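Since the structure comes first, as structure tokens, the remarks are kept for the end.
In structure tokens:
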């Protein structure tokens, strides 16, 4: 995921000390469609000019049947709400990929463009390089 910055400390054997505190540059978000990308960043939706980042800070990471669940605070347009994000982690040795899917009620974050449904499906794909100590 382009535009992602922050801290990802993840150890599947030590979830108690694992955490995410990341921001993503709104201008790097991709919907998969060029025109939708432009609309998503516009003033009447994410308003990338006034609110250039989205932040997620986990408070707890737990195992689930299909992978893991990150609980934390998602902040969009200066509105912070508790969010639960189910995710998986594919370990490829020195690298890995986090994948998550969740639903977001756009009205909770003052995303008022009404040409789309009230609930948005969000898909995350975050490749990482493991840090060695």
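Residue numbers (my numbering): 63 to 195.
Every residue, glycine too, gets a C-beta built ideally from N, C-alpha and C.
Everything numeric in this text was worked out from a predicted model, so none of it was measured.
Endpoints, beta strand (DSSP E) assigned at residue i
{"i": "residue 132", "result": "129-138"}
{"i": "residue 149", "result": "141-153"}
{"i": "residue 158", "result": "157-167"}
{"i": "residue 189", "result": "181-191"}
Beta-bridge pairing of residue i - partner residues as DSSP gives them
{"i": "residue 81", "result": "71"}
{"i": "residue 122", "result": "133"}
{"i": "residue 86", "result": "66 and 116"}
Burial state of residue i, where buried means 16 or more other Cβ atoms lie within 10 Å
{"i": "residue 134", "result": "buried"}
{"i": "residue 81", "result": "buried"}
{"i": "residue 120", "result": "buried"}
{"i": "residue 141", "result": "exposed"}
{"i": "residue 187", "result": "exposed"}
{"i": "residue 88", "result": "buried"}
{"i": "residue 138", "result": "buried"}
Cβ distance (whole Å) where residue i is taken to contact residue j below 8 angstroms
{"i": "residue 146", "j": "residue 131", "result": "6 angstroms"}
{"i": "residue 86", "j": "residue 116", "result": "5 angstroms"}
{"i": "residue 165", "j": "residue 178", "result": "Between residue 178 and residue 165 the Cβ distance is about 13 angstroms, and since that is not below 8 angstroms, they are no contact."}
{"i": "residue 65", "j": "residue 83", "result": "15 angstroms between Cβ atoms; not a contact."}
{"i": "residue 190", "j": "residue 70", "result": "6 angstroms"}
Closer than 8 angstroms to chain B by CB, residue i
{"i": "residue 113", "result": "In the structure shown, chain B does not exist; there is a single protein chain."}
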